[in-house]
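Here is the structure we will look at.
Residue numbers (our numbering), protein chains in the order written: chain A, 1 to 233; chain B, 1001 to 1366.
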């Protein structure tokens, strides 16, 4: 089956992807809600910012992350001094890179599901005494739950495959930042590494497929629970 | 009790609504697109009008001059929407108690069981809205609004998306609600029969303006309201009481101080109060009491006025006892009979529109 090395690579990839989702979910839900339900000046600018990682070369994102989160970068210093967390060339940095790169995908799924909620339901909740936060917590978020889960799983799958920003930001250090894609790349560069790279490619296919199938099943289940019927979107 | 004076613009649509309403049921009546829903949304606090004031029981809820706008959740107005708007992720029970999440003091077990009993929704409590029929949804939505202990109940065409049988079912519950809870209601509708069955007062809205307001009898009797004007047909509304029931013929006798009317009905009981609407075009006039005629309803009265709204016909207003009847006849007929104020005439009525207005619930509706 899997060699110890391969298992380590898979576990590291999953750890990085999971943490990237954990980091980005609060921001993702907030951005999706604001974009779906609020009107304010500069909304289109925020929209563009959210989508930026989708169109920007990943190398550029990685480079900027290095500037921001590096030892001498403003955010890097802050994290180091206040929380004792170093992210440059560490797996936590890889998680940040994945979080940024998968953010547009996550927000898109969440936003779509929030936009599909009938605003009339939210108005009805208001007439029953709910304020802005009450409506958000009791109507909008529960009804958007299938979309929120979809967004999380898409971001997870996207994080598993992140390459450009990660390698630029945290480099390719075996056992620390070498996730599946980086390991495949490294093996491909090594003479005689093709067979091992092939194995990792199949592994990565299985992982991604499993994530997508799981997402499908979860969405169907929550839809049933949330809306009382089987709505596949 | 509620005083509304608002101005609002929505695209090219201009709304200017000023009216007062008191206890009981006030119908906000008018054709689609008249601005009824905008008025109700402004009262509820869901939209903020351009200008004006909304005052309830001395409490100002909206005043553009002072920049005051009490948000919907703080107004304590119940709102029943056309499409029920139950929350799909909650059970019926959770829907009913939704308002209590925001105000724990609202809960009272006896209120809950009373509302559940009043609306007959005891068996639905554990279901999800997706498993309910249209009528059941609407009953649950009414219950949800009631359990928020509203000071005023707003109903925006709550029957519009239901079929005829369900309409009657919900109307029965609404009548019961009106008579038992005494919560003032604003009832939006474009259906005359609903207004007749429920309302005490009518505010008539057309193209964003209040055309008329007052008691049902007064507003429905206005001769300038006729089909084609996009509104309802002018006529008279008379309050009567059942004085006799002839089950074999399927007829009942309705007494009022101007005489007795005969109408078809199989479920009324002696003593029931009934509201009768008589369209102006269904009333003919004779100077002598006619003999050997199929028409059952012949009332003696005295002409109060003869109005000519145009179109080749005249509206003859006839005082019958303390009630007022209206008859639409051709100008030529009016000339031939020399109809004029003060003349004693016989009004012949072909058909009556009956509406049962009983205290409590009519138990034997068939």
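The beta carbon of each residue, even a glycine, is placed where N, CA and C say it ideally should be.
| Check | Outcome |
| --- | --- |
| With DSSP as the reference, identify every bridge partner of residue 1005(B), one or two as the case may be. | 1018(B), 1053(B) |
| Could you tell me whether any Cβ in chain B is nearer than 8 Å to the Cβ of residue 121(A)? | yes |
| Is residue 1107(B) helix, strand or coil by DSSP? | coil |
| Given a limit of 8 Å on CB to CB distance, which residues of the stretch 125 to 137 of chain A reach chain B? | 125, 126, 127, 128, 129, 130, 131, 134 |
| Determine the direct distance from the alpha carbon of residue 27(A) to that of residue 79(A), and round the result to whole angstroms. | 18 Å |
| When burial is assigned at 16 or more other CB atoms within 10 Å of the CB, is residue 1359(B) buried or exposed? | For residue 1359(B), the predicted model reports a pLDDT of 38, less than 50, meaning its position is unreliable; a value from the coordinates is still stated below. By the 10 Å Cβ count, residue 1359(B) comes out exposed. |
| Mind reading off the beta-carbon distance from residue 223(A) to residue 146(A)? Whole number of angstroms is fine, and I expect it under 8 Å. | 5 Å |
| In terms of residue numbering, what span does the beta strand (DSSP E) encompassing residue 1079(B) cover? | 1077 to 1080 |
| With H, G and I counted as helix, E and B as strand and the rest as coil, what does DSSP make of residue 1340(B)? | coil |
| Which residue wins for smallest C-alpha separation from residue 160(A), given the options 10(A), 84(A), 69(A), 3(A)? | 10(A) |
| Could you tell me if residue 43(A) is buried or exposed, where buried requires 16 or more neighbouring beta carbons within 10 angstroms of its beta carbon? | exposed |
| Quick one: using the 10 Å Cβ neighbour count with 16 as the cut-off for buried, is residue 1299(B) buried or exposed? | buried |
| Taking only beta-carbon atoms, is residue 2(A) less than 8 Å away from chain B? | no |
| To which residues of the same chain is residue 1099(B) closer than 7 Å at the C-beta, ignoring the five residues directly before and after it? | 1106, 1147, 1148 |
| Just reading off the alpha helix (DSSP H) that residue 51(A) is part of, what are its end residues? | 43 to 55 |
| Of all the residues that make up the stretch 1136 to 1150 of chain B, which are near chain A by a beta-carbon distance shorter than 8 Å? | 1144, 1145, 1148 |
| Report yes or no: is there a C-beta of chain A within less than 8 Å of the C-beta of residue 1073(B)? | yes |
| On the criterion of 16 or more Cβ atoms from any shown chain inside 10 Å, does residue 1009(B) qualify as buried, or is it exposed? | exposed |
| Taking 8 Å as the threshold (C-beta atoms), are residue 127(A) and residue 1072(B) in contact? | yes |
| Can you tell which of 125(A), 151(A), 140(A), 155(A) has the C-alpha that lies nearest to the C-alpha of residue 1141(B)? | 125(A) |
| Please confirm whether residue 1325(B) and residue 1342(B) have their CB atoms less than 8 Å apart. | no |
| Of all the options 1279(B), 1129(B), 1153(B), which has the alpha carbon lying nearest to the alpha carbon of residue 1183(B)? | 1153(B) |
| Which residues in chain A sit within 7 Å of residue 1085(B), going by Cβ to Cβ distance? | 120, 121, 124 |
| Under 8 Å, Cβ to Cβ, is there at least one residue of chain A near residue 1099(B)? | yes |
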